[in-house]
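The structure appears right after this line, and notes come after that.
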Amino acid sequence: MKIWETMTGSDLTREWKAFEARAEALPADYRAAWEQIKAHLLPYGNFSGRNLLPILDGALGLLEETAEQGQSVREVLGDDIQGFCAALAGGEGSRTYRDRWREQLNNNVARKLGRLGG
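In the numbering used here, the protein residues as written are 12 to 129.
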């Protein structure tokens with residue numbers, strides 16, 4: 012990956028377009044599941060979302076394989092897509108970007124208050 016692509020995010024744009032092109036080839040119920048998977052995984056991403064690319068690639072690959080085999084989405088993902096996504100991201104209770112930002116803010120405030128109080 013070139014530094015300029017990383018800085019501008021053009022590599023991410025290219026990856027997302029490739030994911031969307033692959034998803035367009037899926038049956039309608041699988042495309043709907045793909046949209047839900049993206050929505051439920053995004054909170055687990057870092058600032059750029061690069062950490063989610065391998066997870067999304069694997070999830071889309073699973074959808075492609077099972078659609079090709081003729082399985083239904085419910086057979087593959089079950090009824091709890093949000094739980095499926097939490098498991099993909101590292102399990103229930105995994106830290107989301109909100110958790111990381113909240114912790115960073117709390118640390119910064121505590122550090123500032125420590126300087127003022129001392």
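A virtual CB, placed ideally from N, CA and C, is assigned to each residue, including glycine.
- Collapsing the DSSP output to three states places N57 in coil.
- A straight-line Cα-Cα distance of about 35 Å links N117 and W45.
- The C-alpha of V120 is placed about 38 Å away from the C-alpha of D91.
- The C-beta distance from L63 to Y41 rounds to 19 Å, too long to fall under 8 Å, and the pair is not in contact.
- The continuous alpha helix (DSSP H) containing P65 extends over residues 64-80.
- Excluding its 5 nearest sequence neighbours in each direction, L52 has C-beta neighbours in its own chain below 8 Å: L63, I66, L67, A70, C96, L99, A100, listed in chain order.
- In terms of Cα proximity to E31, the closest of E79, P54, Q82, G72 is G72.
- Secondary structure at A44: helix, using DSSP grouped into helix, strand and coil.
- E35 and L88 have their alpha carbons spaced roughly 19 Å apart.
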